[in-house]
Amino acid sequence: MITVEEVQNTHQKKEFLDFPARLYQHDKNYIRPLDKDINDVFNPEKNKFYKNGECIRFLFKNKSETVGKIAVFINTSYEQNQPTGGIGFFDCINHQETANFIFNHCKNWLQERGIEAMDGPINFGERDKFWGLLMEGFIEPLYCMNYNFPYYKELFENYGFKIYFEQLCFSRPIFAEVSRVFTVMHAKHSKNPEISARPMKKNNLEKFAKDFTLIYNKAWASHGGGKCLEEVKTLKMFKSMKPIINEHISWFVYENEKPVAMWMNIPDLNQWFKYLNGKFGIIEKLKFLWVKKFKKNEKMVGLVFGVVPEWQKKGLEGYMIWEGTQHLRKHTDFTTTELQWIGDFNPKMIKIAENLDTTVTRKLATYRYLFDENKVFERHPIL
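The sequence shown runs 2 to 384 under my numbering.
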């Protein structure tokens, strides 16, 4: 007999965070996410998606023992072919009937609100955090990347979820040979006196926030249904990242002084956060500073990559990547670069990753479940 508890009080909120830690306690690759990062998703004062959405969390218990948890939500700005809700932060024992009960509970909650499908596991927020089910590559997760047991795939698919799109994650050694395509393009653009590349600097975040916003909105806004970044919000984000910004690994390209491309990377924070057991109070912050200073971090993570439309298909990305790679090889301890997930619906970015001679090190999937079994299932359209 499974009982359902809506997460409301302090004890339930703590259990929502602690249950995965117990479930994965013998998995050496599991890194507990920061409690703060999870809690912020469910804080209307910190998560802008509450302005156009609704979110609720549940615990599922067999007698007094937690056997599963999940969040279910509606985000009206999540544009799809039909009214589509989301589920995320799913964890469950290896028991199909329990998983079915959890999924049915979410389905009923969504149907009561006029929803016709559910995607999962996704985030009540942006795609760069807590998005997708790990299918291949059960190694230490990157910061804010979902991690799960292999049996979760069967729990989803046996219920009836189908893959809406796959998320490919690439990796390559920093000192591996770079594709000749990139070095040739670097040689070509290096001869152009109007083209220059420079690393991001902490003492001039206002300028780089402005440049980032301009490039992102030109290069990526059309991929998100016309959503544009605001410079003031970009600057706020950059300032919050300032303690972990490495000035050698994020690069911008300019045509004269006009920003035309950017390649943003940060250290993989999980290489430091894995020592904190999900906490980030005063003691943990002091420990973080100590770990950050004395524990070498050899893994950097690609956050975003963009070239403005008028410079696309001209090899500018090769110039930027080789320019930055030569520099960071001399000035950092990084030995591996990770490209966070690229959707299988984005062949252009996959081609760039392949030209870097990368290896697919993990694969995640975003699933979709249509409530009407007679409706034709369609995968994410190719960009």
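Glycine residues also receive a C-beta, built at the ideal position from the N, C-alpha and C atoms. These numbers were taken from a predicted model, which means no experiment stands behind them.
Within the same chain, no residue comes within 6 Å of F295 by CB-CB distance, once the 5 residues on both sides are set aside. Check the Cα spacing between P244 and each of E324, K64, L206: the tightest is with L206. The shortest CA-to-CA distance from N347 to any of E178, L169, E117 is the one to L169. According to the DSSP assignment, R181 belongs to the alpha helix (DSSP H) that extends over 181-191.
Burial of T214 is indicated by the presence of at least 16 other C-beta atoms within 10 angstroms of its C-beta. The Cβ atoms of F239 and A220 lie no closer than 7 Å to each other. When the five nearest sequence neighbours on each side are left out, the beta carbons in the same chain lying within less than 6 Å of the beta carbon of L329 are those of H249, I250, in order along the chain. Restricting attention to N204, F50, P34, N298, the CA atom closest to the CA of T337 is found in N298. A Cβ-Cβ contact shorter than 7 Å links G319 with F183. By the neighbour-count criterion, in which 16 or more other beta carbons inside 10 Å mark a residue as buried, M119 falls on the buried side. If you check the CB distance, I32 and K275 come in under 7 Å. The secondary-structure analysis by DSSP pairs P174 across a beta bridge with T337.
Straight across, the Cα-Cα distance linking Q81 with D334 is about 43 Å. Counted as a single uninterrupted DSSP element, the stretch harbouring C145 is not any alpha helix (DSSP H), since DSSP gives it neither H nor E. A direct Cα-to-Cα measurement between V68 and C93 gives close to 6 Å. Taken atom to atom, the span from the alpha-carbon of V361 to that of A177 is near 15 Å.
At a Cβ-Cβ threshold of 7 Å, I71 and I88 count as neighbours. Per DSSP, S251 is not a residue of any beta strand (DSSP E), being assigned neither H nor E.
Fewer than three pairs of CB atoms, one per stretch, sit closer than 8 Å, so the region 55-65 makes no contact with the region 302-314. When the five nearest sequence neighbours on each side are left out, the beta carbons in the same chain lying within less than 8 Å of the beta carbon of I267 are those of M242, I245, I246, N247, I250, S251, M301, V302, L304, in order along the chain.
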